[in-house]
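In the numbering used here, the protein residues as written are 15 to 930. The beta-carbon is built from N, C-alpha and C at its ideal position, and this holds for glycine as well.
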Ligand code: PEP
Ligand code: MG
């Protein structure tokens, strides 16, 4: 086996930041902080065991590769020399921490054991070297027992205790009892004698519960810790997290062993977590929390409320606490300098952990910090302005889902003003969310499976809850700070989250939240404002407006300057069109004519449409169409006006007809009356419209082929609307699109109608021409194959990938839910082909169609209007196959602008077309 152990310490390191695959993120960054000439930060010495050892360990049933033992022993000796202490030395003992570290950070998902090396033999030596601080030593010892028995002796040994009877919980109870007996409020109130007694009680409890003595040998502790970290890679929560984040199982974790330094050696000691920029809003300000006289886990566990490191980090919650800047000004300045160097060096926001041991600062960790969408955009834009990153790097820094999060709903500000808050906490994840309260992760998963919106409420943060957190709309905790586990995870996901709402008593046992004056029970609705950290009772309305975010506007402009693909929107009303313009849409890629009949205040147009559909004779139909004409023209005109100067693809009617036949008796009666026929006759007509396979029935172009007048009226409405707008000084640009085409002759049939109507409208308005195009959707596999012929008539193609996927796979787009989960579980399909374009089959159909279409017509305009037009990976495909534009719903337009720019950057220099 290759080198298994990489050492770092005092200005020298075997590894560096680029070795994340081998050393894990944590190990690689520790090496970088120590070894890089621009950094050389004070990091306690240590070593990292590679991820290859982890992979080996799993392949060989928990065995280590030959030579590992010697390599570890050698590295421990090097730490001993640098620290001037001995591992297991009764005079001056060295203690170490054992931590996990995968390639990508998985906050709180794997194990850590601290204070390894404390035994009955070394305790007196540590007391001596801590200046006789017995309290500190026994506190460290009780932490070791708690962590080690839980992580190594229970979890890694595969023991699965019933809920609440795990060793950690049992030890917590022993400690709580003692605190109650002694009248202590906080852990720090326990005296050294009490802690000493507690350690004896802990060891007895461990023996009683786990049936084994707590190991009193430093080497046994070290190897126990290393094994437990490897074992935690396959622990339940790590596995769940990997599934959600798509992290491969075979990456494995590295293990970093590092000399312990102590933030709990008295009031000149402290520990903290900080960010080089604010991860909540992206401001370029040092931001963080610390606790005096504490160990690192106290900050993240949320047991005590951490204090702000500086004025900037103050919040409602910690306003009154003294800042690190005030308490230890010299050390704060040193820390400030280090974080600036890290921010510059990594050219990205870093999340750092530090410890101050008796007035000396140590850096324990740094990694690229998780951030929400608002912060991601701001940091990217500002770092580009600061000349830290290139334009391309800036664009690649923001993920489409972070942008999505920016466009997420917020509570309607007016509604919020009128409400009294139930509680306040820390704003850990932005946006607004309403949901029914649940108290256990399990229930969050279960309820959301039933289609309910839930908010997961917990007393404190707990990494075991990761699946429930994912399933919930939002997360609420009573304890914990901005850097607590819940806050980190929620921020990474862009989920609405409030932590540390201290006035709430969240009781998972009783399934209730008690505010002191009110009780909220399981299933009750609450609403969170995650941007401000405010909790409300009940369900508040949300607004979906894109905030006027200057950074976002600037960022998207950069994207626009890079991308090649145009971005249009699918909109069916003038209002949606106007909204999409604000989001940056450069036209409409799909106006579904039939959609304009839905959701209108008035039922009138829908009623007339129904009349048209159930008409028996051409006369009846023409009469209904005449009534319908002004409605169609009005909406089309409004939409063309909203998109003034930009193209608007208007698709002629494409509904399976039976969808429009009313079901309720009263409406049927009214319809019969208006048509002057009996109810029985109407029912017969409706029955005649019934089809066995409506998706493949009398729809799309087939309607226009049978009922020429239906196409005629729509085309006239489009042409007249455009003519009127031209008279008003506007620049309408309609593209008339024929759906569900499988043969060029269908298209010629409709083109003849178009030509006739177009000439008539020109004559009526005394015009020479109206700018327009005549084209087709490509959504039937046959149309792809005969695209060379289709392009003889069509001036543009728009891929209807919803139907193309439906008909290409033969999967009903409305019924895939019944079998897709089995297909995914069995690995027959990797993902839902209705979300991301199938990269083997449907993509080939599209490529064939583009190639053949452009062979006939070089300047054939090509776009996509199926749902895939808003999916970043599909957008990359569209870029690679040389489409002109994508079209998606208004809210996804900014995401498509980003995805199109990223596709261009990722694939520049990629000559081969069609790679996804
Ligand atoms: C399509 O089929 O992809 C499409 C956009 O049309 P519709 O969803 O209206 O069938
Ligand atoms: Mg379709």
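For the pair residue 424 and residue 408, the CB atoms are not nearer than the 8 Å cut-off.
Here residue 401 is exposed, its C-beta having fewer than 16 other C-beta atoms within 10 Å. Between residue 874 and residue 788 the beta-carbon gap is near 12 Å, outside 8 Å, which marks them as no contact. With a cutoff of 8 Å on beta-carbon distance, residue 856 and residue 790 are scored as not near each other. The DSSP assignment places 661-665 as complete runs of the beta strand (DSSP E) inside the stretch 653-682, in order along the chain (cut-off: 3 residues). Relative to ligand 1, the beta carbon of residue 259 is positioned no closer than 7 Å to any heavy atom. Between residue 438 and the set 639, 18, 513, 451, the nearest pair of CA atoms involves 513. Per DSSP, reduced to three states, the secondary structure at residue 174 is coil, with no helix or strand assignment. Beyond the five residues adjoining it in sequence on each side, residue 247 comes within less than 7 Å, by CB distance, of 68, 124, 266, 267 in the same chain, given in chain order. Between residue 283 and the set 295, 257, 166, 341, the nearest pair of CA atoms involves 341. In the DSSP secondary-structure assignment, residue 304 is bridged to 286, 321. Note on residue 320: 16 or more other CB atoms within 10 angstroms of its CB, so buried under the neighbour-count rule.
Residue side-chain check: residue 749 keeps its Cβ at 7 Å or more from all non-hydrogen atoms of ligand 1. In this structure residue 793 is in contact with residue 817, their Cβ atoms being roughly 4 Å apart against a cut-off of 8 Å.
Under the three-state reduction of DSSP output, residue 398 falls in the helix class. Assigned with DSSP and collapsed to three states, residue 348 falls in helix. Where residue 92 is concerned, there is no enclosing beta strand (DSSP E), although the alpha helix (DSSP H) around it starts and stops at 82-97.
Residue 543 sits in a strand when the DSSP states are folded into three classes. By the neighbour-count criterion, in which 16 or more other beta carbons inside 10 Å mark a residue as buried, residue 214 falls on the exposed side.
With 5 Å as the limit between CB and the heavy atoms of ligand 2, the residues that fall short of it are 793, 814, 817. The beta carbon of residue 209 is closer than 7 Å to those of 149, 152, 153, 156 in its chain, skipping five residues each way along the sequence. A distance below 7 Å between beta-carbons, with the five flanking residues on each side excluded, links residue 806 to the following residues of its chain, in chain order: 758, 870.
Here residue 216 is actually not in contact with residue 137; their C-beta atoms are around 14 Å apart, not less than 8 Å.
At a Cβ-Cβ threshold of 8 Å, residue 602 and residue 631 do not count as neighbours. Taking a cut-off of 8 Å on C-beta distances, the stretch 268-280 does not touch the stretch 290-300, as fewer than three cross pairs fall below it. Comparing alpha-carbon positions, the option among 909, 876, 234 lying closest to residue 886 turns out to be 909.
Here residue 458 really is in contact with residue 486; their C-beta atoms are around 5 Å apart, less than 8 Å. Only residues of its own chain outside the window of five on either side were considered, and among them 47, 55, 56, 57, 352, 366, 367, 368 have a CB closer than 8 Å to the CB of residue 377, listed in chain order. Runs of the beta strand (DSSP E) lying entirely within the stretch 760-829 and spanning at least 3 residues, in chain order: 787-792, 810-813. Across the structure, residue 22 and residue 59 are spaced so that their CA atoms are roughly 6 Å apart. The closest heavy atom of ligand 1 lies less than 7 Å from the beta carbon of residue 880. Excluding its 5 nearest sequence neighbours in each direction, residue 591 has C-beta neighbours in its own chain below 7 Å: 585, 602, 653, 656, 657, listed in chain order. Annotated as proximal: residue 522 and residue 453, with beta-carbon spacing under 8 Å.
Counted as a single uninterrupted DSSP element, the beta strand (DSSP E) harbouring residue 374 occupies residues 374-382. Our two residues, residue 578 and residue 919, have alpha carbons roughly 10 Å apart in a direct line. From the listed residues 406, 588, 370, 170, the smallest Cα separation to residue 913 is found for 406.
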